[in-house]
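Residue numbers (the numbering used here): 18 to 146.
Reviewing the structure listed below.
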């Protein structure tokens, strides 16, 4: 299993049957190999039958501007593929402003997907899986 504890820009926590990843610096994670390591960790953890839903928090999304827009093709391809490789019922993305909606609009997945601006409602929704 990928060791997310060694990553500077991605943190993980589990809330009951929901896996929650916090991307604290998306640009740094994307430009380094951390995003790939975080995606490997996601694949490993979300494949556990006890994990029924996942939440990805993109912190400081409003400050990312074009940096996250430049990575939307990666999100569309890789994060859609990840969702197809694991057996979860719900995916939630948390980001300020319209960034969460931008991410979810790029995904091509066969599970319920929602975007939120705050973590608690995202986890609550995901927990209903």
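Heads up, the beta-carbon is just placed ideally off N, CA and C, and yes, glycines get one too.
So what's residue 36 in DSSP terms, helix, strand or just coil?
Within the chain shown, the letter at position 19 stands for residue 36. In the structure shown, residue 36 sits in a strand (DSSP, three-state: E or B).
Is the Cβ-Cβ distance between residue 56 and residue 99 less than 7 Å?
Residue mapping note: residue 56 aligns to position 39 of the chain shown, counting from 1. Residue mapping note: residue 99 aligns to position 82 of the chain shown, counting from 1. Result yes, Cβ atoms of residue 56 and residue 99 sit closer than 7 Å.
Segment limits, alpha helix (DSSP H) that includes residue 56:
By one-based count along the chain shown, residue 56 stands at place 39. 51-63 is the extent of the alpha helix (DSSP H) around residue 56.
Among 135, 105 and 75, the one whose alpha carbon lies nearest that of residue 45
Position 28 of the chain shown, counting from 1, holds the residue named residue 45. Nearest C-alpha to residue 45: 75.
Quick check on this structure: which residue in 95, 39, 103 and 49 has the alpha carbon closest to the alpha carbon of residue 69?
For the purposes of this step, residue 69 is taken as the residue at position 52 of the chain shown. Nearest option by C-alpha distance: 103.
Shortest alpha-carbon distance to residue 92 belongs to which of 77, 106, 107 and 73?
Stepping through the chain shown from its first residue, residue 92 is reached at position 75. When only C-alpha atoms are compared, the closest one is 73.
Relative to the C-alpha of residue 90, which residue among 51, 41, 124 and 116 is closest?
The count along the chain shown starts at 1 and reaches residue 90 at position 73. Residue 124 is the option with its Cα nearest to residue 90.
Inter-residue spacing [alpha-carbon to alpha-carbon] between residue 66 and residue 129:
Reading the chain shown from its first residue, position 49 is the one you call residue 66. Reading the chain shown from its first residue, position 112 is the one you call residue 129. Their backbone Cα atoms lie some 17 Å apart in a straight line.
Environment of residue 51 [buried if 16+ CB atoms lie within 10 Å]
Along the chain shown, read from residue 1 onward, the residue named residue 51 stands at position 34. Counting Cβ neighbours within 10 Å, residue 51 comes out buried, since at least 16 surround it.
Nonlocal neighbours in the same chain, by C-beta distance under 8 Å from residue 109, ignoring five residues either side:
Position 92 of the chain shown, counted from the start, is the residue given in the question as residue 109. Excluding sequence neighbours, residue 109 sits near 70, 71, 72, 73, 130, 131, 132, 133, 139, 140, 142 and 143.
By how many angstroms is the C-alpha of residue 26 removed from the C-alpha of residue 43?
Position 26 of the chain shown holds residue 43. Position 9 of the chain shown holds residue 26. One C-alpha to the other measures close to 7 Å.
Smallest Cα separation from residue 36: which of 49, 113 and 63?
Residue mapping note: residue 36 aligns to position 19 of the chain shown, counting from 1. Here the closest residue by C-alpha is 63.
For residue 107, tell me which candidate among 97, 23 and 47 has the shortest Cα-Cα distance.
The residue labelled residue 107 in the question sits at position 90 within the chain shown. Checking every option, the nearest Cα to that of residue 107 belongs to 97.
Residue interval of the beta strand (DSSP E) (run including residue 132):
Residue mapping note: residue 132 aligns to position 115 of the chain shown, counting from 1. That run of the beta strand (DSSP E) goes 129-133.
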